[in-house]
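Numbering (UniProt numbering), first residue to last: 1 to 123. Every residue, glycine too, gets a C-beta built ideally from N, C-alpha and C.
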Amino acid sequence: MASPATGEETVRASHILIKHEGSRRKASWKDPEGRVISATTRADAAARLGELRAQILAGRASFADLAAQHSDCSSARRGGDLGTFGRRQMQKPFEDATYALKVGEISDIIDTESGVHIILRTA
Numbered sequence: 001m002a003s004p005a006t007g008e009e010t011v012r013a014s015h016i017l018i019k020h021e022g023s024r025r026k027a028s029w030k031d032p033e034g035r036v037i038s039a040t041t042r043a044d045a046a047a048r049l050g051e052l053r054a055q056i057l058a059g060r061a062s063f064a065d066l067a068a069q070h071s072d073c074s075s076a077r078r079g080g081d082l083g084t085f086g087r088r089q090m091q092k093p094f095e096d097a098t099y100a101l102k103v104g105e106i107s108d109i110i111d112t113e114s115g116v117h118i119i120l121r122t123a
């Protein structure tokens, strides 16, 4: 999909973000003081995210439902939907992973300064 304004390729994606002690911001909409996030290791966050990914891939839960319940990003209120974005609008590892996916594919665990993510490319 190309942006009408720039002609550059854009993508649309949803994600589930799990923050951890190494995340650049320790607070989230569901942990405003960052107490849980500060006590979560990167390994624990990745393991939790891996379990969520497995549930989605096995068809036991929808991406949107798990994003709404578990994501530390405010996009959780929209089932993890980030809307449409282009190059240089997201952190590089997140952008690269999203652009590498085909529509409907779910990424492996992606590390950024924000935490660990799984990404579903939707367009």
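Within the same chain, L49, L52, L66, A67, H70, S71, G80, H117, I118 come within 7 Å of I16 by CB-CB distance, once the 5 residues on both sides are set aside.
In the DSSP assignment, A45 falls within the alpha helix (DSSP H) that extends over 42-57.
For V11, there is no enclosing alpha helix (DSSP H); the residue is found in the beta strand (DSSP E) stretching over 10-18. Distance from the CA atom of A46 to the CA atom of I18, rounded to whole angstroms, is 8 Å.
According to the DSSP secondary-structure assignment, F94 is paired through a beta bridge with no residue. The beta carbons of Q89 and E113 sit about 15 Å from each other, so the pair does not count as a contact at 8 Å. With respect to W29, S74 sits close: the two C-beta atoms are nearer than 7 Å. Residues H20 of the same chain have their beta carbon placed closer than 8 Å to that of D44, with the five preceding and five following residues left out of the count. Sixteen is the threshold: since fewer than 16 other Cβ atoms of the shown chains lie within 10 Å of the Cβ of V103, the residue is exposed.
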